[in-house]
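When we follow the working numbering, the leftmost residue of the sequence shown carries the number 380, and every step to the right adds one.
Comments concern the structure below.
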Amino acid sequence: MSRTIGALLITATLATGIMPATAANAPEVKLNPDQRSGVTGTVLITGSNRGIGLELARNYAERGWTVIATARKPASADALNEIASHHPLVTVERLDLLDHAGIDTLAAKYRDTPIDVLLNNAAILGEPNDQLFGSLDYDLMKNVFAVNVIGPMKVAEAFAGSVEQSKLKKIVAITSTQGSISSVRSPGLVFYNLSKAALNMSMRSNSKGLKKRGITVALVSPGAVDTDMMNLALDRAGVKFKLLTPQESAEAVINVIDQYGLDLTGTFMSHTGTVIPW
Ligand SMILES: NC(=O)c1ccc[n+]([C@@H]2O[C@H](COP(=O)([O-])OP(=O)(O)OC[C@H]3O[C@@H](n4cnc5c(N)ncnc54)[C@H](OP(=O)(O)O)[C@@H]3O)[C@@H](O)[C@H]2O)c1
Numbered sequence: 380m381s382r383t384i385g386a387l388l389i390t391a392t393l394a395t396g397i398m399p400a401t402a403a404n405a406p407e408v409k410l411n412p413d414q415r416s417g418v419t420g421t422v423l424i425t426g427s428n429r430g431i432g433l434e435l436a437r438n439y440a441e442r443g444w445t446v447i448a449t450a451r452k453p454a455s456a457d458a459l460n461e462i463a464s465h466h467p468l469v470t471v472e473r474l475d476l477l478d479h480a481g482i483d484t485l486a487a488k489y490r491d492t493p494i495d496v497l498l499n500n501a502a503i504l505g506e507p508n509d510q511l512f513g514s515l516d517y518d519l520m521k522n523v524f525a526v527n528v529i530g531p532m533k534v535a536e537a538f539a540g541s542v543e544q545s546k547l548k549k550i551v552a553i554t555s556t557q558g559s560i561s562s563v564r565s566p567g568l569v570f571y572n573l574s575k576a577a578l579n580m581s582m583r584s585n586s587k588g589l590k591k592r593g594i595t596v597a598l599v600s601p602g603a604v605d606t607d608m609m610n611l612a613l614d615r616a617g618v619k620f621k622l623l624t625p626q627e628s629a630e631a632v633i634n635v636i637d638q639y640g641l642d643l644t645g646t647f648m649s650h651t652g653t654v655i656p657w
C-alpha cells in the first residue's frame, strides 16, 4: 500500500465518530459532560506541559483542586509554569514515563499524600508513515508501547497507595476511540491503535483487583482535539476537519471523570459520556 493511501485511511479512522454502545458488555449509561460537580481534591496529571494535559491542569486549578502537574522537562514547561505562578495549589514536578526509577522517586515523595484522581494523560502517536504494514518500524512500536502502555501501568502501580488514601479514589487513563477493536476501519496508525487497545485492557484488568480497594478505574477518550498529536496525524494525511479545542475537551473529560464511580469502574467512555464498545 502506498503511504498516501495509508495516510488517507488514517484520516478516515480519525474522523470517525464514536460508535454506538452496542457491544454486549457495554452498559447502557450516559454521563453528562456539561455537568460540573463542584467537588475538589488532589489530582496528579502526566504530560501536563502542553495539549490536553495542559488544559486539564488549568481546568482543575481553576476549579480549586490541588494539582500535581507533571512534565518531562519542567524547566521548559513555560505555559504550565505560568499557570502555577497564578495558582498556589499547582505544583510542577518532573515525570518521564520512560524513567521508572524517577516514577518511584516521585511516588515516594507523595507516599503520604492522598491523590483523588491519578490522571494518565501523556502519550505519543509515533510517526504515522512508520506504522503502515509493509514499512513497519518495530523500534518505534516498542517506544509507543513503552510510553502509552507500560508507562501508565507503572504510574498506576507506583501511586495506587496514595489514591487509596484519598476520598475519591480514581485512576484515570486518557485513551482513544482508536483503541476500540470493534471500531477499526483502516490499517493506519497500527502501533498507536494497538497501544490504546492494550492500555484499555491493562486498565480494565487493573479495575478488577482495585475495586476491592475502593479504587475506580476510568478510561476516557477526549474526542478529536486540536493538539500537536492530532495535527501530526492530520498533516501526514493531508486533510483538515473541525476539532475540539483542548479547553473544550478538558472541560468535558473532567466532568465525565467527576461522574465516574465504582459502579462504572473499568468502563471505556468518550468525553461525551457515552460508553464505547471495546
Ligand atoms: N488530540 C487528540 O485528538 C486525541 C484523541 C484521542 C486521544 N488522545 C489522547 O489524549 C492524550 C493527550 O494527547 P495530546 O493530544 O494532548 O498530545 P500532545 O499534545 O502530543 O501532548 C502529549 C503529552 O505527552 C507528553 N509525553 C510524551 N512522552 C512522554 C514521556 N515519555 N513521559 C512523560 N510525558 C510524555 C508530552 O510531553 P513533551 O512535551 O515533553 O513531549 C506532552 O505533554 C494522549 O493520551 C492521547 O493519546 C488525543
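The beta carbon of each residue, even a glycine, is placed where N, CA and C say it ideally should be.
Could you tell me if the beta carbon of residue i falls within a distance shorter than 6 Å of some heavy atom in ligand 1?
i, result
"A577", "no"
"M532", "no"
"N634", "no"
"V604", "yes"
"R451", "yes"
"N460", "no"
"D518", "no"
"V526", "yes"
"P601", "yes"
"N500", "yes"
"G432", "yes"
"M609", "yes"
"I503", "yes"
"D475", "yes"
"R429", "yes"
For residue i, which residues of its own chain have a beta-carbon under 6 Å away from its beta-carbon, when the five flanking residues on both sides are left out?
i, result
"H479", "K533"
"L643", "none"
"A592", "Note that residue 592 is Arg in the sequence shown, not Ala. Taken in chain order, the residues that qualify are E543."
"Q638", "L410"
"S581", "M532"
"D509", "D516 and L519"
Excluding the 5 residues preceding and the 5 following residue i in the sequence, name in chain order all residues of the same chain whose CB lies nearer than 7 Å to its CB.
i, result
"G340", "Beyond the ends of the chain as shown, which are 380 and 657, falls residue 340; an answer cannot be given."
"E630", "N438"
"V408", "L643 and V654"
"K590", "L641 and T644"
Leaving out the 5 sequence neighbours to the left and right, which residues in its chain are closer than 8 Å to residue i when beta-carbon positions are compared?
i, result
"L640", "A quick correction: the sequence has Gly, not Leu, at residue 640. Cβ neighbours of G640 beyond the five flanking positions: T595."
"S628", "I431, E434, P601, G602, V604 and H650"
Quick one: what's residue i bridged to in DSSP?
i, result
"I553", "V599"
"A456", "A456 pairs with nothing; no bridge assigned."
"T653", "K409"
"M648", "V599 and V654"
Item checked: At least three beta-carbon pairs within less than 8 Å, the region 496-513 to the region 522-537 -> yes
Notebook entry, point to check: Would you call the region 419-428 and the region 449-457 touching, i.e. three or more CB-CB distances under 8 Å?
Noted result: yes
Check: Counting Cβ pairs, one atom from each stretch, are 3 or more of them under 8 Å apart for the region 485-498 and the region 452-467?
Finding: no
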